[in-house]
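S.K.: Have a look at this one.
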Amino acid sequence: MNHEWIAQKVLESYLFIDPVLEFMRHNENMTYKITDRGNSSSFLLRIHKPVTEGFLGIQHTLEGLKSETVLLQELGRKRVLGVQIPVANRFGEYVTVCRLEDMDATIYATLLDWIDGDTFTHEEENMDEIVYAIGVNLARFHSFTRASAVLKDLHRPVYGSEKIDSTLEKLRHGVEINIYSMEHYGIMTEVLAQVKGLMSELDSQEGAWGLIHADIQRGNIVITESGEPCFIDFCLSGYGYYLFDIGAHLRNLKAKSETYF
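Residue numbers (the working numbering): 1 to 261.
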């Protein structure tokens with residue numbers, strides 16, 4: 001299946017004047033930067049077809065994608081964070097359904113605003129200020145999702161103990177095809193059992209669970225010209241422990257920067 005041909009078919013659903021496609025990457029989604037030479041504006045096109053079926057999840061379903069657009073719209077409308085705002089297609093819909101009859105396939109796609117800036121590298125001159133701002137934005141995001149009634153029952157992934165159990169089942173397949181040994185699988189099982197124990201402790205704490213980004217990493221933080229860190233790629237966002245986001249970002253930081261975060 002020609003991926004660029006699919007992207008061109010999807011673009012027919014949008015009101016571009018003279019679009020130029022620039023392939024970016026293909027993992028959970030297939031992504032393109034779209035530059036409309038007609039008005040010099042840029043967008044991010046996401047075709048929700050993961051590179052492997054192992055990445056498939058509720059986030060790739062029609063309802064899951066609609067829920068993600070609701071999250072982004074709420075964050076933008078309430079000015080909680082600088083995020084990529086969903087762009088409607090020519091039919092007024094935020095999730096484009098493209099039926100490829102020749103291939104008997106249905107493709108979902110979304111278009112988002114483009115945020116100009118550079119990916120967070122941890123080598124920026126004003127590192128301390130940026131790290132502090134990331135912490136502030138993450139706290140603002142969590143506070144908003146905790147309080148928002150609109151975001152309580154979205155169709156999004158759930159990162160609880162059942163997720164660990166299903167992950168262990170998938171990992172067991174690695175033993176069957178000799179990627180790693182049963183001994184290594186046993187180590188994974190022990191570690192994840194400890195994680196489940198920590199989850200149980202968090203369950204007893206009020207306000208520990210809610211809607212999270214779930215993929216806070218350097219590649220998903222864009223630093224704008226004004227120095228504002230913006231979170232991008234909410235593809236994996238779902239319901240989990242707020243500490244998940246905090247712990248994920250702490251892995252990005254050098255020891256001397258953790259104090260500012």
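Positions of the beta carbon are idealized from the N, C-alpha and C atoms, including for glycine.
Distance check for H155 and K78, CA to CA, integer angstroms please.
M.R.: Roughly 21 Å between the two C-alpha positions.
S.K.: If we ignore side chains and look at the alpha-carbon of each, how far apart do G92 and L56 end up?
M.R.: Those two C-alpha atoms are separated by around 26 Å.
S.K.: S237: buried (16+ other C-beta within 10 angstroms of its C-beta) or exposed?
M.R.: By the neighbour-count rule (16 or more Cβ atoms within 10 Å), S237 is buried.
S.K.: Tell me which residues share the same chain as I58 and place their Cβ nearer than 7 Å to its Cβ, disregarding the 5 neighbours each side in the sequence.
M.R.: G64, H155, R156 and P157, listed in sequence order.
S.K.: Tell me the rounded alpha-carbon separation between H60 and M24.
M.R.: Spanning the two alpha carbons is a distance of roughly 19 Å.
S.K.: Measure the Cβ-Cβ separation of R46 and T110 and say whether it is below 9 Å.
M.R.: Yes, these two residues count as a Cβ contact at 9 Å.
S.K.: Rounded to whole angstroms, what is the Cα-Cα separation between F261 and N89?
M.R.: Low per-residue confidence applies at F261: pLDDT is 48, beneath 50, and the placement is therefore not dependable, though the value from the model is reported in the following sentence. Taking the straight line from one Cα to the other gives about 39 Å.
S.K.: Kindly list the residues whose CB is nearer than 8 Å to the CB of E201, restricted to its own chain and excluding five residues on each side of it in sequence; keep chain order.
M.R.: Correct list: empty, nothing qualifies.
S.K.: Would you tell me roughly how many angstroms separate the C-alpha atoms of I115 and A147, rounded to the nearest one?
M.R.: In a straight line, the C-alpha of I115 is about 26 Å away from that of A147.
S.K.: Straight-line CA distance for I17 to I107?
M.R.: So the alpha carbons of these two residues sit roughly 23 Å apart.
S.K.: What are the partner residues of G64, as DSSP defines its beta bridges?
M.R.: In DSSP, G64 forms no bridge with anything.
S.K.: On the DSSP letters alone, give me the boundaries of the alpha helix (DSSP H) that I221 sits inside.
M.R.: Counting along the chain, I221 falls outside any alpha helix (DSSP H), though it belongs to the beta strand (DSSP E) covering I221 to I223.
S.K.: Count the other C-beta atoms from every protein chain shown that fall within 10 angstroms of the C-beta of E123, then say buried if there are 16 or more, exposed otherwise.
M.R.: Flag for E123 reads exposed.
S.K.: Below 8 Å, how does it come out for the segment 235 to 250 and the segment 172 to 192: are there three or more Cβ pairs, yes or no?
M.R.: The segment 235 to 250 is not in contact with the segment 172 to 192.
S.K.: Using 10 angstroms around the beta-carbon of T167, count the other beta-carbons present and answer buried if the total reaches 16, otherwise exposed.
M.R.: Label assigned to T167: exposed.
S.K.: My output table needs one value for F261: the three-state DSSP class, helix, strand or coil.
M.R.: The predicted position of F261 is uncertain, since its pLDDT is 48 and thus under 50; a value taken from the coordinates is nonetheless stated next. In this structure, F261 counts as coil in the three-state DSSP scheme.
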